[in-house]
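All remarks here apply to the structure that follows.
2 protein chains.
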Amino acid sequence: MDNIDLKILHQLQTDARASIAEIAAQIGLSEPACYRRVRELRKSGVIEKEMAIIKPKNMGWPLSMMLLVELERDHSTIVNAFLSRINKQPEIIDSWFVTGDYDLVLQVIAADMEAFDQFTQQVLHKDNSVKNFKTLVVMRHSKAHGPIPPDKK
Amino acid sequence: MDNIDLKILHQLQTDARASIAEIAAQIGLSEPACYRRVRELRKSGVIEKEMAIIKPKNMGWPLSMMLLVELERDHSTIVNAFLSRINKQPEIIDSWFVTGDYDLVLQVIAADMEAFDQFTQQVLHKDNSVKNFKTLVVMRHSKAHGPIPPDKK
DNA sequence: AATCTACATGATAAAATTTATCAATAGTGA
DNA sequence: TCACTATTGATAAATTTTATCATGTAGATT
Numbered sequence: 140m141d142n143i144d145l146k147i148l149h150q151l152q153t154d155a156r157a158s159i160a161e162i163a164a165q166i167g168l169s170e171p172a173c174y175r176r177v178r179e180l181r182k183s184g185v186i187e188k189e190m191a192i193i194k195p196k197n198m199g200w201p202l203s204m205m206l207l208v209e210l211e212r213d214h215s216t217i218v219n220a221f222l223s224r225i226n227k228q229p230e231i232i233d234s235w236f237v238t239g240d241y242d243l244v245l246q247v248i249a250a251d252m253e254a255f256d257q258f259t260q261q262v263l264h265k266d267n268s269v270k271n272f273k274t275l276v277v278m279r280h281s282k283a284h285g286p287i288p289p290d291k292k
Numbered sequence: 140m141d142n143i144d145l146k147i148l149h150q151l152q153t154d155a156r157a158s159i160a161e162i163a164a165q166i167g168l169s170e171p172a173c174y175r176r177v178r179e180l181r182k183s184g185v186i187e188k189e190m191a192i193i194k195p196k197n198m199g200w201p202l203s204m205m206l207l208v209e210l211e212r213d214h215s216t217i218v219n220a221f222l223s224r225i226n227k228q229p230e231i232i233d234s235w236f237v238t239g240d241y242d243l244v245l246q247v248i249a250a251d252m253e254a255f256d257q258f259t260q261q262v263l264h265k266d267n268s269v270k271n272f273k274t275l276v277v278m279r280h281s282k283a284h285g286p287i288p289p290d291k292k
């Protein structure tokens, strides 16, 4: 994993559909050499996946929330069970297990407020592992999926 | 935007490198027809972009934080100015403007704690728009970029 | 110093995929 | 029924990805 790889990764975070030829030109490398690096980055798992980014509202999910969850206990077995349980919910599109004033940050999408209310009832209120949670309604996703810079500042 | 488009979008969120032929087969459509739909979805902006997903730690950013920020004032001009200012920071890879107990949720990456401390000094403490903020240290990104389901539950 | 090995590179060619062209089909409203 | 529009499928051309092979460079060994 050298500087060239980092540049490739940065490029692919901006546009995963750029052709190998374009990337190769950008970083001054031959096409096959660039191709092999990209292939290795994919195979090794450094590139987790390549995916389309779509605004939830454009797929019929106009509401987006950030949930700050506090759990009852910190025991890892319980936490892991809880995480694998809730991560099955398709409405939860991102979930971060954190330490600080809360234990979990969830990004949840919903078709409407009623559906969101149902979600909280079934997934959170019913669950004994949840002590409480706060809902932040997303008004604007003001910066989305910024590319991770190749250099540390 | 019909059901077929939604299925295509779901597919592309799982794997943006699937060939048109694969997608077409999956949803029972000819290759050219499928191709044209994908092209329109891209052109119309429904597909915002296609990008590689990479864990920050694999690019030399081992630390990840969620910041819960409270702003001094709600005036939209001030808020917008603040947002466009901080969104320039490459360490901020996602930023949600929300309503509730906080005004802003930021995902920030850092090479180490010292760099993170510097970041908060320069970007947050120095800024008059910031009333205060809480830091949640990410221990695990337990669900990442879940695909947005094509149907509303 | 010479040589060997491991590894990444570039040139080229083959395979696969994307994209354009065109004729045919299905659905709409007059 | 008859145009009109929009979408489709078949085919072919253009582009891109991928494989093959020979070359070159750096580090280790004799």
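Note that the protein sequences, when read in sequence, are chains A and B. Anchor point for the first sequence: position 152 equals 291 in the working numbering, and the numbering is continuous, going up by one each time. Anchor point for the second sequence: position 76 equals 215 in the working numbering, and the numbering is continuous, going up by one each time. A virtual CB, placed ideally from N, CA and C, is assigned to each residue, including glycine.
is_contact[Y174(B), chain A] using C-beta, thresh 9 Å: Walking along the second sequence from the start, residue 174(B) turns up at place 35. No, no contact with chain A.
task: Would you mind telling me which residues of chain B sit closer than 7 Å to I193(A), beta carbon to beta carbon, in chain order?
output: Counting from 1 along the first sequence, the entry for residue 193(A) is found at position 54. Chain B residues near I193(A): L148, Q152, V185, I186, E187, I287.
- request: Return no unless some Cβ of chain A is closer than 9 Å to the Cβ of V262(B).
  value: If you number the second sequence from 1, residue 262(B) lands on position 123. Not one chain A Cβ lies under 9 Å of V262(B).
- prompt: When the distance is taken between beta carbons, is L148(B) closer than 9 Å to I186(B)?
  reply: Reading the second sequence from its first residue, position 47 is the one you call residue 186(B). Reading the second sequence from its first residue, position 9 is the one you call residue 148(B). In this structure, L148(B) lies closer than 9 Å to I186(B) by Cβ.
query: Counting only beta-carbon atoms, is N197(A) nearer than 9 Å to chain B?
result: Locating residue 197(A) in the first sequence gives position 58, counting from the first residue. So yes, N197(A) belongs to the interface.
message: By the DSSP assignment, the beta strand (DSSP E) with D279(B) in it spans what residues?
response: Along the second sequence, one-based indexing puts residue 279(B) at 140. The sequence shown places Arg at residue 279(B), rather than the Asp named in the question. Where R279(B) is concerned, the enclosing beta strand (DSSP E) stretches over 269-282.
- request: Answer with yes or no whether the minimum CB distance from R156(B) to chain A is below 9 Å.
  value: Sequence index remark: in the second sequence, residue 156(B) carries index 17 (1-based). True, the Cβ-Cβ gap to chain A drops below 9 Å.
- request: Report yes or no: do three or more beta-carbon pairs, one from the region 245-252 of chain A and one from the region 195-206 of chain A, lie closer than 8 Å?
  value: yes
task: Just the C-alpha distance for F236(B) and S169(A), rounded to the nearest angstrom, thanks.
output: The residue labelled residue 236(B) in the question sits at position 97 within the second sequence. The residue labelled residue 169(A) in the question sits at position 30 within the first sequence. In a straight line, the C-alpha of F236(B) is about 43 Å away from that of S169(A).
task: Using a Cβ-Cβ cut-off of less than 9 Å, list which residues of the region 269-285 of chain A approach chain B; keep chain order.
output: K273, T274, L275, V276, V277, M278, R279, H280, S281, K282, A283, H284, G285
query: Contact check, L245(B) vs L210(B) under 8 Å by CB: the rounded distance?
result: Start at 1 with the first residue of the second sequence, and residue 245(B) comes out as number 106. Start at 1 with the first residue of the second sequence, and residue 210(B) comes out as number 71. Between L210(B) and L245(B) the Cβ distance is about 12 Å, and since that is not below 8 Å, they are no contact.
message: If you follow the beta strand (DSSP E) that L263(B) is in, where does it begin and where does it stop?
response: Residue 263(B) sits at position 124 when you count from the first residue of the second sequence. Counting along the chain, L263(B) falls outside any beta strand (DSSP E), and DSSP gives it neither H nor E.
Neighbourhood of P286(B) by C-beta, 8 Å cutoff - its chain only, sequence neighbours within 5 removed: Residue numbering aside, residue 286(B) sits at position 147 when the second sequence is read from its first letter. Within the same chain, P286(B) has close Cβ partners H149, Q152, T153.
Chain-ordered neighbours of A238(B) on chain A, where CB pairs are closer than 9 Å: Along the second sequence, read from residue 1 onward, the residue named residue 238(B) stands at position 99. A small correction: the amino acid at residue 238(B) is Thr; Ala does not occupy that position in the sequence shown. In chain order: L275, V276, V277, M278.
query: Under 9 Å, do V276(B) and T216(A) count as touching if we go by C-beta distance?
result: As a first step, residue 276(B) is located in the second sequence; it is residue number 137 there, counting from the start. As a first step, residue 216(A) is located in the first sequence; it is residue number 77 there, counting from the start. No. Outside cutoff.
message: Below 7 Å on C-beta distance, what does M205(B) contact in chain A?
response: Here residue 205(B) corresponds to residue number 66 of the second sequence, with the count starting at 1. Under the 7 Å cutoff, chain A gives W235, V237, V244.
Amino acids of chain B, ordered along the chain, whose beta-carbon sits closer than 7 Å to that of L222(A): Taking the first residue of the first sequence as 1, we reach residue 222(A) at position 83. By Cβ distance, chain B contributes S281.
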